[in-house]
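Student: In this note's numbering, the protein residues as written are 7 to 525.
Just dropping this structure here.
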Amino acid sequence: MNKINMLVIGIDGACWPLIIKMIDAGELPNIKNLRENGVWGDMKSCIPPITYPAWKCYSTGKNPGKLGVFWWEYLDIENKKSIIPDSRSFDSKEIWDYLNDKDITTGIIGMPTTYPPKKVKGFMISGGPDVGEKDFTYPKSIEKEVKDKYGYFPNFFDKIIQINEENKQKVADICLKQIDSNFKTSVGLYEKEKPDFLQVCTYTINGPLQHFFYDDEPTKKAWRVVDSYIGLLKDKFQYVIIHSDHGTSPMKKQFFINAWFKKEGYLFRKKSLGDFFIKIGLDRILNFLEKTNLSDLLIKLKIFQSFSTLIPDKKGLFGETEGKAIFQKVDWKKSKVVGSAQGPIYLNNSILTEDEKSRLKDEIIRKLESFKDPETGKNPIDKVYRREDIYSGKYTNKAPELIALDSDEYHNKGGIRIDVLFRESIWKGNNSINGLFVISGKDIKKGKNIDIEIFDLAPTILHIFGLPVPTDIDGKVLKEIFEENSDLSRRIVNYKKNDEKEEEIIKKSIKKLKGTGRL
């Protein structure tokens, strides 16, 4: 088999409705060219459609029930602790692991869920938003090079203390600088190393640009930058794939699911330090810090990051991950249920019998799916799923018992300390289930439109490289994208079960993860 190479560009939160007007207006000529000369369509994400674990669903081809990570944060209700996952929380092999096993070299740049980086045959540069300021590259020796030569910095959130109307332009400028450095690094390292498989991702285009600007000019400017770099890179590769982890849709309001649980009598709260911060209006201090530039000092000293879950904004709102606050605030002797932002719902099994849990789940599903915003008459929650209906695999029983999917225009914010059910949102864009994909190259049909799932990309990539597809992968090889009677179309999909050596490695990984408390 002739040696091939492939470029995969991952764009967090990308979807066709967000950019189709720019494509039609000729502002994204390289993406347009790939669509016209390849196969494209919607890509259904995992549930909930969130960066963690969606990027790992892509790179492993597996659903969250096989990965053991279901959101940015896991609430261990039994032991009353919050677990923040990172790359070490996953024990499944990824696309680059299979490629490396066959001495196919790989370069991975900027993908979320890859910090800390792992050893590959090639290089890996971890992507935000959870990346530290150092030790974010493999090999370690390229860290100084990417910083000094290409101005690379992995994490937007190390640069600013909060986002508000006064500093939105500053935020946009930092985001554009990060996106540019990301792709500049990719071009430079590719020319130097020439990996057979190059994965380039940008998280910053979605968080915070699309979240806070949706399709306004700062987001459009970022997309033009991305398209220009696609133009610089695409002709160097036989195959080019562009894909996202989920989509983005316009939104207007926040819905506080824990306030709803409290109102319905499922959740009870205790007094805590956060209530004091709301009372004194700590947002005034944050604004003062921004105006006096003292926020830069706080960021450097990591002071703000340490207390961010305790500090509300001017409306009394806290960050997305509220685990520490939840375990401080919830009265666990009386509360039956608690929710995280963006979907996960946990039952307090310590006070519920099996029959009570079953009835409670039925009741919550019925009530949440029928609940309407009295102001708009719309449902803030589109659907509530039982974990066993959407996940499969060895970690399914560790998943939140229920997962609530947002409706259009609404964002489930959690809100453990909030009493109101709704508020206007500073976000203009919210995660949605349908992302995008496009693939172009030898033996790929031209101009064809199909819909796929996020799990399908990994097995399809392995098939193109001539590798077997592991039987524990959930996705399928997209045979319909190949030209009829082409080599790729005629090639039989070779499925392979994990061998004993690999299963032993996985068992050891699981044992190690249990020892660190990540499972």
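All C-beta atoms, glycine included, are put in the ideal place defined by N, C-alpha and C.
Keep in mind it's a predicted model, so treat the numbers as computed, not measured.
(1) What did DSSP end up calling I247 once you bin it into helix, strand or coil?
(2) So who's on the other strand from T208, going by DSSP bridges?
(3) Only counting the same chain, and skipping five residues up and downstream in sequence, which positions put a Cβ closer than 6 Å to that of Y220?
(4) Could you compute how far the alpha carbon of D414 sits from the alpha carbon of H252?
(5) Tell me, to the nearest whole angstrom, how far the beta carbon of K268 is from that of R275; I am working on the premise that it is less than 8 Å.
(6) Answer yes if the region 194 to 202 comes into contact with the region 126 to 141, meaning at least three C-beta pairs across the two stretches below 8 Å, and no otherwise.
(7) Identify every residue that forms a DSSP beta bridge with E430.
(8) Give the single residue among E223, G329, R365, A265 whose Cα lies nearest to the Cα of K27.
(9) So, does the region 58 to 67 touch the region 110 to 123, judging by three or more C-beta pairs under 8 Å?
(10) Give the range of the alpha helix (DSSP H) segment to which S364 is assigned.
(11) Does the count of Cβ pairs from the region 228 to 246 and the region 10 to 19 closer than 8 Å reach three?
(12) Can you tell which of E375, L34, W46, K258 has the C-alpha that lies nearest to the C-alpha of K454?
(13) Output needed for K448: all residues of its chain with C-beta closer than 6 Å, excluding positions within five of it in sequence on either side, in chain order.
(14) Do S341 and L273 have their C-beta atoms within less than 8 Å of each other?
(15) Thinking C-alpha only, which one of V193, K227, R372, G420 is nearest A265?
(16) Compare the beta carbon distance of M49 and E459 with 8 Å and say whether it is the shorter of the two.
(17) Just checking, does the region 145 to 158 make contact with the region 92 to 111 on the three C-beta pairs under 8 Å criterion?
(18) Helix, strand or coil: which one does DSSP assign to A410?
(19) Consult DSSP for N436 and reduce its assignment to one of helix, strand or coil.
(20) According to DSSP, is I180 helix, strand or coil?
(21) Might you give, ordered along the chain, the residues of its own chain that have their beta carbon closer than 7 Å to the beta carbon of Y144, omitting 5 neighbours on each side?
(22) Pull up the CB-CB distance for A331 and I422, whole angstroms please, since I reckon it's below 8 Å.
(23) Any idea what DSSP makes of N11, helix, strand or coil?
(24) DSSP three-state label for R393, please.
(25) Return the Cβ separation of E555 and R230 in integer angstroms, given the expectation that the two are a contact with Cβ distance under 8 Å.
(26) How about Q348 and N403: are their beta carbons less than 8 Å apart?
(27) Considering Cα atoms alone, identify which of K389, G399, K363 is closest to Y416.
(28) With a 10 Å radius around its C-beta and 16 neighbouring C-beta atoms as the bar for buried, classify D361 as buried or exposed.
(29) Alpha carbon to alpha carbon, what distance is there between P476 and K502?
(30) When the Cα of G271 is compared with those of K38, S187, S364, E369, which residue comes out closest?
(31) So, for E407: in the same chain, excluding its five sequence neighbours on each side, which residues have a beta-carbon less than 8 Å away from its beta-carbon?
(32) So who's on the other strand from L353, going by DSSP bridges?
(33) Classify P91: buried if its beta carbon has 16 or more other beta carbons within 10 angstroms, exposed otherwise.
(34) When you compare the CB positions of L411 and P54, do they come within less than 8 Å of one another, or not?
(35) Buried or exposed: which applies to A464, given that a residue is buried once 16 or more other Cβ atoms fall within 10 Å of its Cβ?
(36) Among H249, I371, Q260, which residue has its Cα nearest to the Cα of S431?
Tutor: If we stick to the structure as given:
(1) strand
(2) I17
(3) P256, K434, G435
(4) 14 Å
(5) 7 Å
(6) yes
(7) K259
(8) E223
(9) yes
(10) 360 to 376
(11) yes
(12) W46
(13) Q244
(14) yes
(15) G420
(16) yes
(17) no
(18) strand
(19) strand
(20) helix
(21) P123, K124, K125, V126, F129, M130
(22) 5 Å
(23) coil
(24) helix
(25) Residue 555 cannot be examined here, being either before or after the span of the chain that is shown, 7 to 525.
(26) no
(27) K389
(28) exposed
(29) 5 Å
(30) E369
(31) I351, Y352, L353, K363, K367, R392, R393
(32) V343
(33) buried
(34) yes
(35) buried
(36) Q260
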